[in-house]
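Novice:
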Amino acid sequence: MDATVSTGTEDSVWGGGNKPLGASYGKMMMWFFIMSDALTFSGFLVAYGFSRFKFIELWPIADEVFTHVPFFHGNYPMYYVAFMTFILIMSSVTMVLAVDAGHKMKQKSVILYMFLTIIGGAIFVGSQAWEWATFIKGDYGAVETNSGRILQFVDAETGERAALADFAKTLPEEREKHVASKGIWFQGEGYQTSYSLNEVVEGFKATPNILIRTEQLNEEGEKTLLDRKESLSKILEANQVVEGANLVHNEYGHRLFADFFFFITGFHGFHVFSGVVINIIIFFNVILGTYQRRGHYEMVEKVGLYWHFVDLVWVFVFTFFYLV
Amino acid sequence: MAHDHKLEIFRGLLKFKSNTQKIWGVLIFLSIVTTVEVALGIIKPRFLTHSYFLGMKLLNWIFIILTLVKAYYIAWDFMHLRDEKTPLRRVIVWTPIFLVCYLIFILLFEADYIYNVYSDGFITWNF
Chain A
39 MDATVSTGTE DSVWGGGNKP LGASYGKMMM WFFIMSDALT FSGFLVAYGF SRFKFIELWP
99 IADEVFTHVP FFHGNYPMYY VAFMTFILIM SSVTMVLAVD AGHKMKQKSV ILYMFLTIIG
159 GAIFVGSQAW EWATFIKGDY GAVETNSGRI LQFVDAETGE RAALADFAKT LPEEREKHVA
219 SKGIWFQGEG YQTSYSLNEV VEGFKATPNI LIRTEQLNEE GEKTLLDRKE SLSKILEANQ
279 VVEGANLVHN EYGHRLFADF FFFITGFHGF HVFSGVVINI IIFFNVILGT YQRRGHYEMV
339 EKVGLYWHFV DLVWVFVFTF FYLV
Chain B
3 MAHDHKLEIF RGLLKFKSNT QKIWGVLIFL SIVTTVEVAL GIIKPRFLTH SYFLGMKLLN
63 WIFIILTLVK AYYIAWDFMH LRDEKTPLRR VIVWTPIFLV CYLIFILLFE ADYIYNVYSD
123 GFITWNF
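From first to last, the protein sequence lines are chains A and B.
Start counting the first sequence at 39; every next residue gets the next number (my numbering).
Start counting the second sequence at 3; every next residue gets the next number (my numbering).
Quick look at the structure:
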């Protein structure tokens, strides 16, 4: 609302003094931006829904994918994402409190609440980075078939998932390293899985209590478990070992799941990151007393709108990625 | 900028004395809703996962409705839409809702059609 240049006409109708719908220029523009950004996110989430409905019978189950909590071993579905959601809502609350303190012209409280908001945002971005790292690193490992489907392994006695390391054989295999002098000079060796396909297949044949689980969901909404005989014939379709997830291969199931995970949470994480940066800028402005001298804290309110929007988007991402 | 805040939520069922109090009240409400969602997501009650409404599990309907409830309170109380003038609020809320509903309708129908082509058509994609 207040530009640095003062022309003395701010209060006249044609000088910007007119506030349609009782909202100042800056606030209105922030709302316009938020609306267009909301449509962008909706486009992403609906595209996710499109792919999911297209492959409705073999989509990965989020509970089985996101089961880790930092510093704890074991199977804790959802807890960490719930914690992240709570952190973001909490930082939204400190942001409203900052806006509220701004209305009352309490500089000290605005500083405190802005600081807490920034901390909350930083914790959230850090958590998301950790979640990405865990997702990329992978959990149990799987094999991919010729048609690109994923076969996972289950211990028949416990019914728990079996990691490749539990049954894969170590064979005395020789593998020619790809070096620039002998191969294609612009291509590197790339990442190699910890076991070769042959080692996994031989280990699978030698361990009778390991079964194969396909991507197909049964009537109970669980992944189909093959018996030993079917498993032995299914393993012949495998053509590569997959550990972790990237944009092309995904040990958790359909590769589109990983693509959308990276794309949507990445886009959201980038919003949180830029929100933190903008919050820091405003935070320093508050410390310097810029808004105290200006006579109002509307800038805090505007970044607040953006920050709440980021929280709002997360509520939807949380539902459609982790719950539904 | 000291404009007035509307201090009632749940259609006047709950009245707060100050804006700060209302913020904490909304936080408690949002936390309860999130806890319910996570608890349902972990327990997955059988009667909710095995009954369907409009082709979707009842549990998923509950998740989506609770999400919209949360979105409402974030927008209305944290983003101060409750305090904005009615036309502004309508412009901001109904425009995206209309466009998103249209997008959801058209894309999910198309996806379902492709699913049917894959499952009933003469294409082998899982070989």
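Note that beta-carbon positions come from the ideal geometry of N, C-alpha and C, so glycine has one too.
1. Do you know how far the Cα of B:M58 is from the Cα of B:K46?
2. Name the chain B residues whose beta carbon is nearer than 9 Å to that of A:A61?
3. Could you please give me the residues that DSSP links to B:Y54 through a beta bridge?
4. For A:V103, collect the residues of the same chain with a Cβ closer than 6 Å to its Cβ; drop the 5 residues on either side in sequence, then sort them by chain order.
5. Measuring alpha carbon to alpha carbon, tell me which of A:W345, A:V84 and A:M116 ends up nearest A:V107.
6. For the segment 47-76 of chain B, enumerate the residues whose C-beta is nearer than 7 Å to any C-beta of chain A, in chain order.
7. Give the straight-line distance between the Cα atoms of A:E227 and B:N128, rounded to the nearest whole angstrom.
8. Count the C-beta pairs between the segment 304-314 of chain A and the segment 130-139 of chain A that are closer than 8 Å, then say yes if the count reaches three, no if not.
9. Could one say the Cβ of B:F80 lies closer than 8 Å to chain A's Cβ atoms, at least one of them?
10. Is the Cβ-Cβ distance between B:I25 and A:V353 less than 8 Å?
11. Going by DSSP in three states, A:A41 sits in which element: helix, strand or coil?
12. For a cutoff of 8 Å on Cβ pairs, would you count A:V348 as touching chain B?
13. Beta carbons nearer than 7 Å to chain B: which residues of the segment 166-191 of chain A have them?
14. I think B:L110 touches A:G87, with their Cβ atoms under 8 Å apart; what is that distance to the nearest whole Å?
15. Could you check where the beta strand (DSSP E) with A:R332 kicks off and where it finishes?
16. So within the segment 57-109 of chain A, which uninterrupted alpha helix (DSSP H) runs reach at least 4 residues, ignoring any that extend past its ends?
17. Check A:F224 in the structure and name its three-state DSSP category.
18. Taking only three categories from DSSP, how would you classify A:D15?
19. Smallest Cα separation from A:H216: which of A:F224, A:P210 and A:A244?
20. Check whether the Cβ of B:Y38 lies closer than 8 Å to any Cβ atom in chain A.
21. Can you check DSSP and say which residues form a bridge with A:R251?
Specialist: Checking against the coordinates, here is how it stands:
1. Indexing the second sequence from 1 puts residue 46 of chain B at position 44. Indexing the second sequence from 1 puts residue 58 of chain B at position 56. Whole-angstrom Cα-Cα distance: 15 Å.
2. Mapped onto the first sequence, residue 61 of chain A falls at position 23. Around A:A61, the beta-carbon contacts reaching into chain B at under 9 Å are E86, K87 and L90.
3. Residue numbering aside, residue 54 of chain B sits at position 52 when the second sequence is read from its first letter. DSSP lists B:K59 as partners of B:Y54.
4. Against the first sequence, residue 103 of chain A aligns to sequence position 65. Cβ neighbours of A:V103 beyond the five flanking positions: Y290.
5. As a working note, residue 107 of chain A is residue 69 in the first sequence. Its Cα nearest to that of A:V107, the residue A:M116 stands out among A:W345, A:V84 and A:M116.
6. From the segment 47-76 of chain B, only T51, N62, F65, I66, T69, K72, A73 and I76 have a Cβ closer than 7 Å to chain A.
7. Taking the first residue of the first sequence as position 1, residue 227 of chain A is located at position 189. Taking the first residue of the second sequence as position 1, residue 128 of chain B is located at position 126. Rounded to whole angstroms, A:E227 to B:N128 spans 30 Å at the Cα level.
8. The segment 304-314 of chain A vs the segment 130-139 of chain A: no contact.
9. The residue labelled residue 80 of chain B in the question sits at position 78 within the second sequence. The C-beta of B:F80 comes closer than 8 Å to at least one C-beta of chain A.
10. As a first step, residue 25 of chain B must be located in the second sequence, where it is residue number 23. As a first step, residue 353 of chain A must be located in the first sequence, where it is residue number 315. In this structure, A:V353 does not lie closer than 8 Å to B:I25 by Cβ.
11. Residue mapping note: residue 41 of chain A aligns to position 3 of the first sequence, counting from 1. A caution first: A:A41 carries a pLDDT of 49, below 50, which makes its placement in the model unreliable, though a value can still be read off. Residue state, collapsed to three classes: coil.
12. For this step, residue 348 of chain A is matched to residue 310 along the first sequence. Taking 8 Å as the CB threshold, A:V348 stays off the interface with chain B.
13. If you check each beta-carbon in the segment 166-191 of chain A against every beta-carbon of chain B, the ones closer than 7 Å belong to N184, S185 and R187.
14. Working through the second sequence from its first residue, we reach residue 110 of chain B at position 108. Working through the first sequence from its first residue, we reach residue 87 of chain A at position 49. In this structure B:L110 is in contact with A:G87, their Cβ atoms being roughly 6 Å apart against a cut-off of 8 Å.
15. By 1-based counting over the first sequence, the position of residue 332 of chain A is 294. A:R332 -> not in any beta strand (DSSP E); alpha helix (DSSP H) instead, spanning T328 to R332.
16. Counting only unbroken stretches of 4 or more residues, the alpha helix (DSSP H) elements lying wholly within the segment 57-109 of chain A are 63-92 and 100-103, in sequence order.
17. Numbered from its first residue, the first sequence carries residue 224 of chain A at position 186. Coil, per DSSP.
18. Nothing in the structure corresponds to residue 15 of chain A, since chain A is present only between 39 and 362.
19. Taking the first sequence and counting its residues from 1, the one referred to as residue 216 of chain A is at position 178. It is A:F224 whose Cα lies nearest to the Cα of A:H216.
20. Within the second sequence, numbered from 1, the residue matching residue 38 of chain B stands at position 36. The residue asked about is misnamed: residue 38 of chain B is Val in this sequence, not Tyr. The beta-carbon of B:V38 is placed no less than 8 Å from the nearest beta-carbon of chain A.
21. Locating residue 251 of chain A in the first sequence gives position 213, counting from the first residue. Bridge partners of A:R251 according to DSSP: A:Q190 and A:L263.
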